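One point on numbering: in full-length UniProt numbering, the residue at position 140 of the sequence shown is 140, and numbering is uninterrupted.
Just so you know, even glycine gets a beta-carbon here, dropped at the ideal spot from N, CA and C.
What you are looking at is a predicted structure, and each value in this text was computed from that prediction instead of being measured.
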Amino acid sequence: MKFSTSQRVKKSQAAFLATVVMGSLLAVSVPASNAAVTVTTGQACNSKATVATAKNGKTVACKSGKWTEYKRAKLVFGAASAALAPKEEFAVWAVPKKLGYFAAENLDVTVVPTGGSIDAANLVGIGRIDIAGADLGPTLTAIEKGGDQKVIGGLVVNFPWKVAVDPTSSIKKPEDLIGKKIGIISTGSGSFPFAKAWVAGHGLKATDVEYISTGQIGPSTLALQNKSVDAIALFASAYAGQEFTGTKFNYLPNPASLKGVASLSWVVNADAFNKDPEIYERFLRAAFKGLIYSSTNVKSATTIGFTELPVTLAGAPIASSLGLGMAQLKTWLETATPLTGTPSTWKALGGISQADWVVNQGYAKAAGTIVTDVSRANYYDERVLARANTFDRAAIIAAANRAPK
């Protein structure tokens with residue numbers, strides 16, 4: 001497949017150029033923020049101003065010389081798992097919903113589970129959901145196969161996947177898994193390509209192991225303990241939940257080839273994004289606020305998550321679930337936020353460099369899910385990131401600090 005000459009590329013480039021001509025292309029570097037300034041809707045503004053907060057709490061943009069509220073819009077956000085849990089659906093959906101971050105953008109956002117990153121990326125491509133947090137590797141696979149996807153930023157920037165064995169197991173090193181079974185969440189999950197890339201990265205052949213779908217962390221742990229599988233391949237926050245309840249794991253090392261690999265990225269339908277990128281800017285701004293709030297006060301964010309998504313409680317009261325939920329969300333947030341600085345200094349969330357893109361292409365190739373390079377220039381569009389990062393972090397942090405910790 002020749003990506004540089006495909007109809008999808010030509011259509012994407014045409015839409016991008018049209019945006020430039022219309023004057024709405026957003027700078028890649030983070031602009032000076034007007035979000036801390038309180039203005040009045042309809043008040044005069046100048047072309048250098050970007051986004052501000054109106055006296056009624058709404059986010060407003062400078063359009064035609066006046067501060068203007070956004071038109072109401074709806075989006076469906078797909079979480080990359082079949083069962084909702086204290087992870088991205090808490091931080092970037094429940095918190096923005098409860099605290100009015102979506103309302104400030106005049107957005108109605110619903111969250112739905114998916115079968116995992118592979119399914120999430122494919123659902124975006126066919127327009128069943130509007131935006132998803134999906135592993136970049138499976139997303140590149142979907143694009144290579146002709147899907148109508150585009151990546152507009154990164155979410156989980158610190159690789160979360162690990163292979164674990166039971167502490168009593170005789171398996172101590174990767175080569176001990178030859179002839180053994182590895183439990184994966186499902187073939188629609190990012191767990192599957194991770195396990196394959198992990199095996200390849202350690203110099204093992206694809207036929208050296210067998211992959212068994214064991215589901216989420218609960219049934220996967222049981223499968224490991226009853227020796228239905230010899231190892232499991234899951235993500236850090238899932239393990240954290242089990243460890244909080246007393247379960248022990250031994251982790252086998254990730255290969256050097258996985259260093260620098262990212263995980264969940266913001267994936268959108270290319271046609272829908274090119275038609276109205278501003279809607280996605282608004283979603284990301286609210287989501288980034290959710291990340292800042294959640295990282296500042298994990299207890300409050302977890303409580304909000306359980307309140308907005310009671311299905312995650314499985315019938316238990318919040319009080320008895322809070323510790324476990326906090327352990328899971330805290331671990332997830334550590335994978336989704338910068339390793340340096342503090343929430344107040346995280347001014348440019350979501351960027352994916354060319355080097356990062358190349359590393360993730362190598363990961364997808366190691367997993368056997370792509371065979372051709374996917375051009376970052378054609379399928380990564382960061383035009384909304386600068387304005388999505390334009391908001392008053394101090395106000396978000398202050399609100400988080402006022403809530404019980």
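Between the CA atoms of residue j and residue i - distance to the nearest angstrom
i: Leu258; j: Pro174; result: 14 angstroms
i: Val124; j: Ser170; result: 42 angstroms
i: Tyr101; j: Arg72; result: 13 angstroms
i: Pro160; j: Ser265; result: 13 angstroms
i: Phe77; j: Thr110; result: 6 angstroms
i: Thr390; j: Ala223; result: 46 angstroms
i: Val65; j: Ser353; result: It is worth fixing the name first, because residue 65 is Gly in this sequence and not Val. When rounded, the distance between both Cα atoms is 34 angstroms.
i: Pro317; j: Ala142; result: 40 angstroms
i: Gly218; j: Phe249; result: 13 angstroms
i: Lys365; j: Ala240; result: 29 angstroms
i: Lys381; j: Gly146; result: Per the sequence shown, residue 381 should be read as Asp rather than Lys. Going from the Cα of Asp381 to the Cα of Gly146 covers about 17 angstroms.
i: Ala231; j: Gln216; result: 14 angstroms
i: Gly153; j: Tyr280; result: 11 angstroms
i: Ala27; j: Ser189; result: Its pLDDT being 36, under 50, Ala27 is placed unreliably in this model, and the value from its coordinates should be taken loosely. Whole-angstrom Cα-Cα distance: 34 angstroms.
i: Lys58; j: Leu99; result: 13 angstroms
i: Trp198; j: Leu252; result: 10 angstroms
6 angstroms CB neighbourhood of residue i in its chain, flanking five on each side removed
i: Phe192; result: Ile184
i: Val157; result: Ala262
i: Val298; result: Met326, Leu329 and Lys330
i: Gly290; result: Ala91, Val92, Val95 and Pro96
i: Phe194; result: Trp161 and Ala233
i: Gly260; result: Val359
DSSP three-state assignment for residue i, whether helix, strand or coil
i: Pro174; result: helix
i: Phe235; result: strand
i: Leu339; result: coil
i: Val124; result: helix
i: Gln149; result: strand
i: Lys87; result: coil
i: Ala61; result: strand
i: Lys205; result: coil
Buried or exposed (CB count within 10 angstroms, at least 16 for buried), residue i
i: Ala164; result: buried
i: Asn226; result: exposed
i: Thr369; result: buried
i: Ile292; result: buried
i: Tyr70; result: buried
i: Ser47; result: exposed
i: Pro343; result: buried
i: Tyr379; result: buried
i: Arg285; result: buried
i: Arg402; result: exposed
i: Ala61; result: buried
Proximity test, Cβ basis, 8 angstroms: residue i and chain D
i: Thr390; result: The question asks about chain D, but that chain is absent: this structure has only one protein chain.
Neighbourhood of residue i by C-beta distance below 8 angstroms, restricted to the same chain and skipping five residues each side
i: Ala272; result: Gly127 and Asp130
i: Leu204; result: Pro174, Glu175, Leu177 and Ile178
i: Ala256; result: Gly201
Neighbourhood of residue i by C-beta distance below 7 angstroms, restricted to the same chain and skipping five residues each side
i: Val229; result: Lys181, Ile182, Gly183, Ile212, Thr214 and Ala223
Is the segment 296-314 touching the segment 324-332 in the sense that three or more CB pairs, one from each, lie closer than 8 angstroms? Cβ pair count under 8 angstroms is three or more, so yes.
Can you confirm whether the segment 126-142 touches the segment 75-91 when touching is taken to mean that 3 or more C-beta pairs between the two stretches lie within less than 8 angstroms? Touching, yes, given that three or more Cβ pairs across the two stretches are closer than 8 angstroms.
How about the segment 137-155 and the segment 347-367: do they share at least three Cβ pairs that are nearer than 8 angstroms? A contact exists between the segment 137-155 and the segment 347-367.
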